[in-house]
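To keep things clear, I will list the structure first and then write my remarks on it.
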Amino acid sequence: ENQCQFGREAAVEVAAEMFTNDKRQAERTGRHGTPRAQYLQVLSFSLLLRFELVTEFQNTTNEGHYWFFVIIATYALGALYYLCNSSSKKEILKPEVIEVIRRYSASGSLNVIFSNLANAFLDKHVNN
Numbered sequence: 710e711n712q713c714q715f716g717r718e719a720a721v722e723v724a725a726e727m728f729t730n731d732k733r734q735a736e737r738t739g740r741h742g743t744p745r746a747q748y749l750q751v752l753s754f755s756l757l758l759r760f761e762l763v764t765e766f767q768n769t770t771n772e773g774h775y776w777f778f779v780i781i782a783t784y785a786l787g788a789l790y791y792l793c794n795s796s797s798k799k800e801i802l803k804p805e806v807i808e809v810i811r812r813y814s815a816s817g818s819l820n821v822i823f824s825n826l827a828n829a830f831l832d833k834h835v836n837n
């Protein structure tokens, strides 16, 4: 069996290091010189739109896989939450993205972290 090396401790570490201050984010660049915010936005879209991760997460019995899926989904939702602003809103708030976030929002029994992040995103950027 393919064992994932992520556990609860790794998930906490990754979550703590996901974002630094705005100045540091502006200094960093993504792959191939892409501005950091744009790189994170594209990465977050691709991660978030893979909603099948939630299905796989729901069916896993491997704790390492569980925390891997938690990290991926949390990163995607958190990144979009912080990247969505007046200048990026049009790009981020596309119907397919909002639909996936609504599905995460409804996944409260699956994982309260996903549901809370999705609800916070919807409250701040969609339902206001």
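To convert, count from 1 in the sequence shown and add 709; that's this note's numbering.
The beta carbon of each residue, even a glycine, is placed where N, CA and C say it ideally should be.
Owing to the predicted nature of the structure, the values given are computational and were not obtained by experimental measurement.
{"Asked": "Look up ASN820 in the DSSP assignment and say whether it is helix, strand or coil.", "Found": "coil"}
{"Asked": "Hey, quick one: how far does the alpha helix (DSSP H) through SER814 stretch, first residue to last?", "Found": "804–814"}
{"Asked": "Nearest CA to the CA of ASN832: which residue from ILE822, SER814, ALA785, ILE801?", "Found": "Asn is not the amino acid found at residue 832; the sequence shown has Asp there. Measuring from the Cα of ASP832, the nearest candidate turns out to be SER814."}
{"Asked": "Assign GLY817 to one of two classes, buried (16 or more other C-beta atoms within 10 Å of its C-beta) or exposed (fewer than that).", "Found": "exposed"}
{"Asked": "Between the Cα of ILE781 and the Cα atoms of SER796, LEU826, ASN794, LEU802, which residue gives the shortest distance?", "Found": "LEU826"}
{"Asked": "Which class does THR769 belong to by DSSP, given the choice of helix, strand or coil?", "Found": "coil"}
{"Asked": "Looking at C-alpha atoms only, which residue of THR769, VAL835, ASN768 is the closest neighbour of LYS803?", "Found": "VAL835"}
{"Asked": "For the alpha helix (DSSP H) that LYS699 lies in, which residues bound it at each end?", "Found": "Limits of the chain in this structure are 710 at one end and 837 at the other, which puts residue 699 out of reach."}
{"Asked": "Nearest CA to the CA of PHE778: which residue from ASN828, PHE823, ALA829, PHE830?", "Found": "PHE823"}
{"Asked": "For a test of the three-state rule: what should DSSP assign to ASN828, helix, strand or coil?", "Found": "helix"}
{"Asked": "Let me know if THR783 comes out buried or exposed under the rule of 16 or more other beta-carbons within 10 Å of its beta-carbon.", "Found": "buried"}
{"Asked": "Suppose contacts are defined by Cβ-Cβ distances below 8 Å. Is LEU792 in contact with PHE830 by that definition?", "Found": "no"}
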